[in-house]
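Below: the structure, in structure tokens.
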Amino acid sequence: MSWSGALRATYPVLNGRISSLAVHPDGSTIAVATEMGDVIFVDPATGRTQRTLAAHPTWIQWIAYAAGGTRLLTVGRQDHVVKMWDAASLAPLAVLTGHTG
Numbered sequence: 019m020s021w022s023g024a025l026r027a028t029y030p031v032l033n034g035r036i037s038s039l040a041v042h043p044d045g046s047t048i049a050v051a052t053e054m055g056d057v058i059f060v061d062p063a064t065g066r067t068q069r070t071l072a073a074h075p076t077w078i079q080w081i082a083y084a085a086g087g088t089r090l091l092t093v094g095r096q097d098h099v100v101k102m103w104d105a106a107s108l109a110p111l112a113v114l115t116g117h118t119g
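This note's numbering numbers the first residue of the sequence shown as 19 and each following residue consecutively.
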């Protein structure tokens with residue numbers, strides 16, 4: 019996928035305000051983190067929701083794909099938890115507690 023800087027699509031916010039987002043390295047999915055603690059996976063070609071992950075009880079401060087797109091990292095703003103997920107199955111792989119920033 020090439021990035022020209024031109025607006026390609028607009029997607030509705032499905033569950034509260036967006037707090038962060040990450041595009042899968044292969045461009046197949048946009049992971050949208052919300053203030054409600056959910057990650058909504060959107061197909062960029064259609065704008066349709068593929069699936070939803072209840073990742074944190076409240077606001078997700080940051081989200082990113084890692085390890086070539088096989089892992090997804092989420093950082094909770096208020097629960098002070100960093101979580102690592104298997105990007106394919108959404109199974110939790112690690113939980114790191116105690117961050118304050």
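The beta carbon of each residue, even a glycine, is placed where N, CA and C say it ideally should be.
(message) In chain order, what are the residue ranges of uninterrupted beta strand (DSSP E) at least 3 long that sit wholly in the stretch 35-98?
(response) 36-41, 48-52, 56-60, 67-72, 78-84, 89-94
(request) Please list, in chain order, all residues of the same chain as residue 74 whose beta carbon is under 6 Å from its beta carbon, the five residues on each side excluded. (result) 55, 94, 97
(message) Using only the alpha-carbon positions, how far apart do residue 107 and residue 63 sit?
(response) 21 Å
(request) Keeping to the same chain, check which residues put their C-beta closer than 6 Å to that of residue 49; ignore five residues upstream and five downstream. (result) 40, 57, 59, 81
(request) Ignore the nearest five residues each way along the sequence and tell me which others in residue 44's own chain have a CB closer than 7 Å to its CB. (result) 87
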